[in-house]
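For the record, the sequence lines run as chains B and H. So for the first sequence, our numbering puts the first residue at 147; every next one is plus one. So for the second sequence, our numbering puts the first residue at 147; every next one is plus one. Glycine included, every Cβ here is placed at the ideal spot set by N, Cα and C.
2 protein chains.
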Amino acid sequence: MNPRLPQDYESLRNLVLEKRSALPKRIAQIAAYALDNPDEIAFGTAASIAASAGVQPSTLIRFAQFLGFDGFTSLQSVFRERLRERTVSYEDRLKALRGGGVTQNRTILDGFVESATRSLEAVSRALDDGLLDRAVEVLARAETIYLVARRRSYPITSYMAYALGKLKIRYTLVESAAGLDPEIMSFATPKDAVVAISFSPYASQTVDYARLLSDQGVPVVAITDSAFSPLAQSAKVWFEVAEADCAGFRSLSATMALAMTLAVATAERRNGT
Amino acid sequence: MNPRLPQDYESLRNLVLEKRSALPKRIAQIAAYALDNPDEIAFGTAASIAASAGVQPSTLIRFAQFLGFDGFTSLQSVFRERLRERTVSYEDRLKALRGGGVTQNRTILDGFVESATRSLEAVSRALDDGLLDRAVEVLARAETIYLVARRRSYPITSYMAYALGKLKIRYTLVESAAGLDPEIMSFATPKDAVVAISFSPYASQTVDYARLLSDQGVPVVAITDSAFSPLAQSAKVWFEVAEADCAGFRSLSATMALAMTLAVATAERRNGT
DNA sequence: TGTGGAATGGAATTAATATTTCATAGCCTG
DNA sequence: CAGGCTATGAAATATTAATTCCATTCCACA
Numbered sequence: 147m148n149p150r151l152p153q154d155y156e157s158l159r160n161l162v163l164e165k166r167s168a169l170p171k172r173i174a175q176i177a178a179y180a181l182d183n184p185d186e187i188a189f190g191t192a193a194s195i196a197a198s199a200g201v202q203p204s205t206l207i208r209f210a211q212f213l214g215f216d217g218f219t220s221l222q223s224v225f226r227e228r229l230r231e232r233t234v235s236y237e238d239r240l241k242a243l244r245g246g247g248v249t250q251n252r253t254i255l256d257g258f259v260e261s262a263t264r265s266l267e268a269v270s271r272a273l274d275d276g277l278l279d280r281a282v283e284v285l286a287r288a289e290t291i292y293l294v295a296r297r298r299s300y301p302i303t304s305y306m307a308y309a310l311g312k313l314k315i316r317y318t319l320v321e322s323a324a325g326l327d328p329e330i331m332s333f334a335t336p337k338d339a340v341v342a343i344s345f346s347p348y349a350s351q352t353v354d355y356a357r358l359l360s361d362q363g364v365p366v367v368a369i370t371d372s373a374f375s376p377l378a379q380s381a382k383v384w385f386e387v388a389e390a391d392c393a394g395f396r397s398l399s400a401t402m403a404l405a406m407t408l409a410v411a412t413a414e415r416r417n418g419t
Numbered sequence: 147m148n149p150r151l152p153q154d155y156e157s158l159r160n161l162v163l164e165k166r167s168a169l170p171k172r173i174a175q176i177a178a179y180a181l182d183n184p185d186e187i188a189f190g191t192a193a194s195i196a197a198s199a200g201v202q203p204s205t206l207i208r209f210a211q212f213l214g215f216d217g218f219t220s221l222q223s224v225f226r227e228r229l230r231e232r233t234v235s236y237e238d239r240l241k242a243l244r245g246g247g248v249t250q251n252r253t254i255l256d257g258f259v260e261s262a263t264r265s266l267e268a269v270s271r272a273l274d275d276g277l278l279d280r281a282v283e284v285l286a287r288a289e290t291i292y293l294v295a296r297r298r299s300y301p302i303t304s305y306m307a308y309a310l311g312k313l314k315i316r317y318t319l320v321e322s323a324a325g326l327d328p329e330i331m332s333f334a335t336p337k338d339a340v341v342a343i344s345f346s347p348y349a350s351q352t353v354d355y356a357r358l359l360s361d362q363g364v365p366v367v368a369i370t371d372s373a374f375s376p377l378a379q380s381a382k383v384w385f386e387v388a389e390a391d392c393a394g395f396r397s398l399s400a401t402m403a404l405a406m407t408l409a410v411a412t413a414e415r416r417n418g419t
């Protein structure tokens, strides 16, 4: 038997990465698929894996042989071993975690993961369906959607902008650095709509812009963190999202999920699905 | 299909325990074996399992049919699912949340919440502590941190920029619309560091910039989604983050958590806490 | 102790899955 | 641009594994 033949997933992975540049196109395709979806390899059949990776079954066998295995079956067994062992190591990890054997950086990561998870749970539990429907209604009617947010909330609108573009929904991101925002907003009419996002301490610009647009008769959908938020006052529909925080930085996960929901739901609403 | 047919390992286990006393001798034997060695059932073949449990293959089939499955194969798939889903908890949570009678928009929201939760769980499980430590080490040493990302990944760097500013860590967001990026990057030296983020399909600019900076000797910390990502090649340290997607839009939650961890951990590292 | 019915073992059958083969397409090199 | 080589796709084949079937055994009850 070939002594270089990898017996465990880690060394197999390294072997693949090492040979990466020397792989033919289709083999590289299945290699990437394998490392990205190891569970699929462990359980699937040659045919099913090949289909979902978009190659022929024979390519899978060639991939295995390329690495020195004598066929798909023996390659697959490495992926299966990995799952068996993971059961153990995962439990070990948890044990270690309880024992306090974790690094400081890991603790920070876990903190962010936990606050994000908590926020997501909260938004899913607390969000009112009727509110969501009304907001989508407003956005679906709009000719152009104006996106207003600063500072912490800005990443949300920038991802919304990306999504709206993909969904072919016309939008304007109010973010000009050159002080031209007032002009841009002056184009907005009651036939458009605004998504304004701001959390305490409220960026004054966002609040001002939302009020300005609202006074122009443009309907505002706001996402904020409290009923007392100044944003709530100028909004036609507003959502209260409570984000947990970690190390002084609030998670954006829940707001992000809500924002993306608004984008996708608006698109679906328009397409009449 | 039989409605009592157990879909997951837990209910299958309960079903077996419940029927325990009514089982014929050989069936009982294989039942006990199955609950004691679930991994064997998941991976073995009917023949191999039968042999190590000391029964005939046909007994295995009878056991499966006794429980209402139509054959060994469908029984086995329950045992396989169990291994895939070390991430059971989030599904339970969501199942509990869905009380039925949900609107379409609510379904979209739940989809985003679910994919975000799944991504977070995956990153927490899969991320290697050593890798994290090394990345933080690199960033902590840097005089200026350059942030490079486009399109989908851009919101991540924009939140990182916000956080780094708050933490008083010097950074430069490479995002100039005026085509001045090359000049900005030419200021970077090996004493600085880069955080580059890109997911498939990789924005070519991000990849090019990362390579350019790496060639200048600036250490690159990359966040990407596959070992085959072109970003991985120019990176000194790189993270693989698998984000689940919903309606064609990938969650950013896991990447966001990791990015914030890098920011905060770097600050703590510098402050010597 | 004989008889009927369920349980079991083992081999035959059928289904599935992996592997091989071969024809063709793409690509580099002279 | 030709010739040879490698890579790829598709289908045929071989292998392996699941399922079925039938003969036999075991056990309860008369």
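Separation of residue j from residue i, as counted between CA atoms
i                : j                : result
SER346 (chain B) : LEU377 (chain B) : 10 Å
ALA286 (chain B) : LEU293 (chain B) : 14 Å
SER322 (chain H) : ILE330 (chain H) : 9 Å
PHE374 (chain H) : ARG316 (chain B) : 35 Å
SER194 (chain B) : GLY217 (chain B) : 16 Å
VAL341 (chain B) : THR318 (chain H) : 28 Å
ALA192 (chain B) : PHE189 (chain H) : 15 Å
VAL201 (chain B) : VAL224 (chain B) : 21 Å
VAL353 (chain B) : GLY394 (chain B) : 23 Å
THR233 (chain H) : ARG264 (chain H) : Since pLDDT at THR233 (chain H) reaches only 43, below the 50 mark, its modelled position is unreliable, and no value is offered.
LYS312 (chain B) : THR249 (chain H) : 24 Å
ARG166 (chain H) : ALA174 (chain H) : 7 Å
LEU278 (chain H) : GLN211 (chain H) : 49 Å
LEU169 (chain H) : ARG159 (chain H) : 14 Å
Short CB-CB distance (under 7 Å) between residue i and chain H
i                : result
PRO301 (chain B) : yes
ALA262 (chain B) : yes
ASN417 (chain B) : no
ALA342 (chain B) : no
ALA268 (chain B) : no
PHE385 (chain B) : no
PHE258 (chain B) : yes
Strand pairing of residue i, partner residues [DSSP]
i                : result
VAL341 (chain H) : H:LEU293, H:VAL367
TYR317 (chain H) : H:ILE291
VAL383 (chain H) : H:VAL367
ASP391 (chain B) : B:ARG396
Beta-carbon proximity list for residue i, same chain, < 6 Å, skipping 5 on both sides
i                : result
ASP327 (chain H) : VAL320
CYS392 (chain B) : GLY257, PHE258, SER261
ALA199 (chain B) : ILE176, TYR179
LEU266 (chain B) : SER399, ALA400
SER360 (chain B) : VAL366, SER380
LYS337 (chain H) : GLU289
SER204 (chain H) : none
Own chain, CB closer than 7 Å to residue i, minus 5 neighbours either side, in chain order
i                : result
ILE302 (chain B) : ALA295, ILE343, LEU398, THR401, MET402, ALA405
PHE215 (chain B) : LEU151, LEU221
VAL284 (chain H) : ALA339, PRO365, VAL367, LYS382, VAL383
GLN362 (chain B) : ALA334
ALA180 (chain B) : ILE187
GLU237 (chain B) : Bear in mind that the predicted position of GLU237 (chain B) carries a pLDDT of just 49, short of 50, making it unreliable; the figure below should be weighed with that in mind. Taken in chain order, the list of residues that qualify is empty.
VAL387 (chain B) : VAL269, ILE369, ASP371, ALA400, THR401, LEU404
Of the listed residues the options, nearest to residue i (C-alpha basis)
i                : options                                : result
ASP185 (chain B) : B:LEU266, B:ALA174, B:ARG228, B:ALA178 : B:ARG228
ARG252 (chain H) : B:ARG159, B:ASP275, B:THR191           : B:ASP275
GLU88 (chain H)  : H:LEU310, H:GLY190, H:SER304, H:ARG208 : As displayed, chain H neither begins before 147 nor continues past 419, which places residue 88 (chain H) out of reach and without an answer.
ALA349 (chain H) : H:ALA388, H:ARG298, H:THR219           : H:ARG298
THR412 (chain H) : B:TYR355, B:LEU255, B:ALA272, B:VAL282 : B:LEU255
LEU273 (chain B) : B:GLY190, B:LEU408, B:GLN250           : B:LEU408
SER332 (chain H) : H:GLN351, H:LYS314, H:TYR355, H:VAL341 : H:TYR355
LYS314 (chain H) : H:GLN351, H:ARG166, H:ASN417           : H:ASN417
ALA390 (chain B) : B:ARG230, B:ARG166, B:ALA268           : B:ALA268
GLU146 (chain H) : H:LEU278, H:LYS171, H:LEU213           : One cannot answer for residue 146 (chain H) here, as it falls past the ends of chain H, which runs 147 to 419.
ARG226 (chain H) : H:ALA196, H:ARG396, H:GLN153           : H:GLN153
ILE207 (chain H) : H:ARG172, H:LEU161, H:LEU277           : H:ARG172
ARG396 (chain H) : B:VAL353, B:GLY325, B:TYR305           : B:TYR305
ASP182 (chain H) : H:SER167, H:VAL162, H:LEU169           : H:VAL162
VAL410 (chain B) : B:SER157, B:ALA281, B:LEU358           : B:ALA281
TYR155 (chain H) : H:LEU169, H:ARG230, H:PRO170           : H:ARG230
is_contact[residue i, chain B] using C-beta, thresh 7 Å
i                : result
GLY245 (chain H) : Legend: pLDDT at GLY245 (chain H) = 48, less than 50; position of this residue unreliable, value from coordinates given subsequently. It does not: the Cβ of GLY245 (chain H) has no partner Cβ on chain B nearer than 7 Å.
PHE189 (chain H) : yes
LEU255 (chain H) : yes
VAL282 (chain H) : yes
ALA393 (chain H) : yes
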